[in-house]
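A.B. asks: For what it's worth, my numbering labels the leading residue of the sequence shown as 22, then goes sequentially.
Glycine included, C-beta positions come from ideal geometry on N, C-alpha and C.
I have a structure I would like to understand better, so I am pasting it below and will then ask my questions one at a time.
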Amino acid sequence: KVNSAHFAQALAMALACGLPMEEGLELATKLLAGSPAALHRCRNCHKKFTDTSDLVGALRDSDILSPASCQMLTISIRAGNADTTMQQIAARMSDEADEAMEKKTAMIEPVLVLVTSVMVGVILLSVMIPLINIMKVIG
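Here is the structure:
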């Protein structure tokens, strides 16, 4: 989700600057060079766009945008404000990615607290048991 959001943000900036869609796709694809799966989807999208010249279809077929977002983008392209709609879609995708990360973090935090508590308990016992034995010997 994060990679798709970054791709959508880069594409929105390219459209807002007035770049041709193909050049915007190329620039957005270069942005995701660090993630092989996302890079594959973006290259697939670029290839489909070059074959069909249909940006929305390429984004939908490559699973970069949801069908609802694709429908919104189709309408906005016809209306002539694709850049604004793409920015809104990118912002929504970024928010969704943030929420997903927060949910995963919320699931991991209790486990980390439990593991840390066990480690502190083990350290405490490893210090206290020898002290108790010394106290017994002393008397």
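Where does P57 sit, in a helix, a strand or coil, going by DSSP?
C.D. replies: Translated into positions along the sequence shown, residue 57 becomes position 36. It is helical.
A.B. asks: I'd like to check one pair, A33 with A111: are the Cβ atoms closer than 8 Å?
C.D. replies: For the purposes of this step, residue 111 is taken as residue 90 along the sequence shown, with counting starting at 1. For the purposes of this step, residue 33 is taken as residue 12 along the sequence shown, with counting starting at 1. Result yes, Cβ atoms of A111 and A33 sit closer than 8 Å.
A.B. asks: Nearest-angstrom Cα distance between S115 and M122?
C.D. replies: Translated into positions along the sequence shown, residue 115 becomes position 94. Translated into positions along the sequence shown, residue 122 becomes position 101. In this structure, the straight-line span from the alpha carbon of S115 to that of M122 is close to 11 Å.
A.B. asks: So the alpha helix (DSSP H) C91 belongs to, where does it begin and stop?
C.D. replies: As a working note, residue 91 is residue 70 in the sequence shown. If you look at C91, you'll find it in the alpha helix (DSSP H) that goes 88-100.
A.B. asks: Using only alpha-carbon positions, find the residue among T95, P57, G101 that is nearest to D75.
C.D. replies: Here residue 75 refers to the residue found at position 54 of the sequence shown. Out of T95, P57, G101, T95 has the C-alpha closest to the C-alpha of D75.
A.B. asks: Using a Cβ-Cβ cutoff of less than 6 Å, which residues in the same chain neighbour Q30 once the five nearest sequence positions on both sides are dropped?
C.D. replies: Within the sequence shown, numbered from 1, the residue matching residue 30 stands at position 9. Excluding sequence neighbours, Q30 sits near A111.
A.B. asks: Taking its Cβ as the centre, do 16 or more other Cβ atoms sit within 10 Å of T106, making it buried, or is it exposed?
C.D. replies: As a position in the sequence shown, residue 106 is number 85, starting the count at 1. Result: buried.
A.B. asks: What are the start and end residues of the alpha helix (DSSP H) that includes D119?
C.D. replies: As a working note, residue 119 is residue 98 in the sequence shown. Looking at the DSSP string, the run of the alpha helix (DSSP H) that includes D119 is 103-159.
A.B. asks: Thinking just about the alpha-carbon of each residue, which of L53, A54, T73, L80 is nearest to the one in C66?
C.D. replies: As a position in the sequence shown, residue 66 is number 45, starting the count at 1. Answer by Cα proximity: L80.
A.B. asks: Take K69 as the anchor and find which of M42, L52, G55, A100 has the nearest alpha-carbon.
C.D. replies: Your numbering for residue 69 matches position 48 in the sequence shown. When each option's Cα is compared against that of K69, the closest is M42.
A.B. asks: Taking the alpha carbon of I85 as the reference point, which residue from K51, E47, H27, S147 has its own alpha carbon closest?
C.D. replies: In the sequence shown, residue 85 corresponds to position 64, counting from 1. Nearest C-alpha to I85: H27.
A.B. asks: Return the first residue and the last residue of the alpha helix (DSSP H) that A25 is part of.
C.D. replies: Numbered from 1 along the sequence shown, position 4 holds the residue referred to as residue 25. Per the sequence presented here, residue 25 reads as Ser, with Ala not at that position. S25 -> alpha helix (DSSP H) spans 23-37.
A.B. asks: With H, G and I counted as helix, E and B as strand and the rest as coil, what does DSSP make of D84?
C.D. replies: Locating residue 84 in the sequence shown gives position 63, counting from the first residue. Coil at D84, not helix or strand.
A.B. asks: Taking only the alpha-carbon atoms, compute the straight-line gap between L135 and M149 and give it to the nearest angstrom.
C.D. replies: As a working note, residue 135 is residue 114 in the sequence shown. As a working note, residue 149 is residue 128 in the sequence shown. Their Cα atoms are separated by approximately 21 Å.
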